[in-house]
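Chains as they are written, first to last, in my numbering: chain A, 1 to 120; chain B, 121 to 226.
Note that the Cβ used here is the ideal one computed from N, Cα and C, for glycine as well.
Contents: one structure, followed by commentary.
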Amino acid sequence: QVQLKESGPGLVQPSQTLSLTCTVSGFSLTSYDVHWVRQPPGKGLEWMGGIWGDGSTAYNSALKSRLSISRDTSKSQVFLKMNSLQTEDTAIYFCTRLMYTTDSNWFAYWGQGTLVTVSS
Amino acid sequence: DIQMTQSPSLLSASVGDRVTLSCKASQNIYKYLNWYQQKLGEAPKLLIYYTNSLQTGIPSRFSGSGSGTDYTLTISSLQPEDVATYFCQQYNSWYTFGAGTKLELK
Numbered sequence: 001q002v003q004l005k006e007s008g009p010g011l012v013q014p015s016q017t018l019s020l021t022c023t024v025s026g027f028s029l030t031s032y033d034v035h036w037v038r039q040p041p042g043k044g045l046e047w048m049g050g051i052w053g054d055g056s057t058a059y060n061s062a063l064k065s066r067l068s069i070s071r072d073t074s075k076s077q078v079f080l081k082m083n084s085l086q087t088e089d090t091a092i093y094f095c096t097r098l099m100y101t102t103d104s105n106w107f108a109y110w111g112q113g114t115l116v117t118v119s120s
Numbered sequence: 121d122i123q124m125t126q127s128p129s130l131l132s133a134s135v136g137d138r139v140t141l142s143c144k145a146s147q148n149i150y151k152y153l154n155w156y157q158q159k160l161g162e163a164p165k166l167l168i169y170y171t172n173s174l175q176t177g178i179p180s181r182f183s184g185s186g187s188g189t190d191y192t193l194t195i196s197s198l199q200p201e202d203v204a205t206y207f208c209q210q211y212n213s214w215y216t217f218g219a220g221t222k223l224e225l226k
């Protein structure tokens with residue numbers, strides 16, 4: 001079955017770079033896109049960006065200047081790198097996969113999320 | 121970028137009540153609107169896609185409606201297990217979520 005799992009450091013210092021890995025199973029990264037969504041504690045959800053089956057990427061315009069998403073298809077892994085972290089980047093970071101129908105798509109499969117705290 | 125505004129941010133209701141949650145887009149999103157339910161400590165779960173299509177396995181007490189910029193999620197008879205935060209999400213232009221409506225029991 002489809003599974004996604006995030007991994008990475010739980011604590012990052014201000015101004016440093018965050019690196020997260022999403023390891024997937026049950027599907028191929030060359031056939032499906034994977035996205036990153038984050039959620040500050042007690043707050044709403046924010047789409048950060050995604051990488052499509054053909055390797056193309058798209059980013060939230062608010063994060064585009066400091067965000068990069070890449071992948072290693074041989075390892076079934078998607079990577080997130082975001083630089084210049086500030087305390088407001090403290091959040092639970094989810095990786096998620098879209099499900100498509102003829103007239104719709106939605107975030108159907110989610111990892112359990114990983115909490116990243118930005119603090120010195 | 122499209123902004124999504126949900127109201128109210130907090131809603132208290134009793135078991136059996138009909139509950140209505142609102143979501144307003146900053147521009148026409150042509151019904152490209154999904155609703156998710158998120159319980160504490162869990163990932164979001166899809167309830168409704170394309171404004172009014174009920175996801176498989178979701179109870180029929182949940183329904184969605186709307187068009188243009190204004191959308192609604194309705195729970196016809198609130199159950200205790202419906203206590204959660206509800207998010208709308210547009211996919212007309214990339215993806216944007218609303219800030220959520222927290223639903224609690226009165």
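7 Å Cβ cut-off: residues of chain A touching residue i
i: Tyr169/B; result: Ser104, Trp106
i: Gly184/B; result: Chain A residues near Gly184/B: none, gap ~12 Å exceeds 7 Å.
i: Asn212/B; result: Neighbours of Asn212/B on chain A: none; closest Cβ ~11 Å, over 7 Å.
i: Asp121/B; result: Ser61
Reference residue i, options the options, closest by Cα
i: Asp202/B; options: Ala145/B, Phe182/B, Ile149/B, Gly220/B; result: Phe182/B
i: Tyr227/B; options: Ser187/B, Asn148/B, Thr171/B, Ala145/B; result: Outside the modelled stretch of chain B, which goes from 121 to 226, sits residue 227/B, for which no answer is possible.
i: Gly53/A; options: Ser104/A, Leu98/A, Pro9/A; result: Leu98/A
i: Leu63/A; options: Ser74/A, Gly8/A, Ser84/A, Thr23/A; result: Ser84/A
i: Asn148/B; options: Gln210/B, Thr221/B, Thr189/B, Leu223/B; result: Thr189/B
i: Leu223/B; options: Thr216/B, Thr125/B, Val139/B; result: Val139/B
Within chain B, the residues that residue i reaches when beta carbons sit closer than 8 Å
i: Trp110/A; result: Ala163, Pro164
i: Glu46/A; result: Phe217
Residue i, DSSP secondary structure in three states
i: Glu162/B; result: coil
i: Asp202/B; result: helix
i: Asp33/A; result: coil
i: Phe27/A; result: coil
Listed by chain order, chain B residues near residue i by CB distance under 7 Å
i: Gly113/A; result: Ala163
Euclidean distance between Cα positions of residue i and residue j
i: Leu153/B; j: Thr30/A; result: 27 Å
i: Gln16/A; j: Gln86/A; result: 8 Å
i: Ser134/B; j: Ile178/B; result: 20 Å
i: Lys144/B; j: Tyr191/B; result: 6 Å
i: Leu67/A; j: Met82/A; result: 4 Å
Partners in chain B for residue i, counting only beta-carbon separations shorter than 9 Å
i: Phe94/A; result: Ala163, Pro164
i: Ala91/A; result: Simply none; closest approach about 13 Å.
i: Ser65/A; result: Those within 9 Å of Ser65/A in chain B number zero; the least Cβ separation is about 15 Å.
Chain A residues whose Cβ lies nearer than 9 Å to that of residue i
i: Gly220/B; result: Lys43, Gly44, Leu45
i: Asn148/B; result: Simply none; closest approach about 16 Å.
Let me know the beta strand (DSSP E) ranges lying completely inside the stretch 58-115 of chain A, each 3 residues or longer, listed in chain order. Correct list: 67-72, 77-82, 91-100, 105-110.
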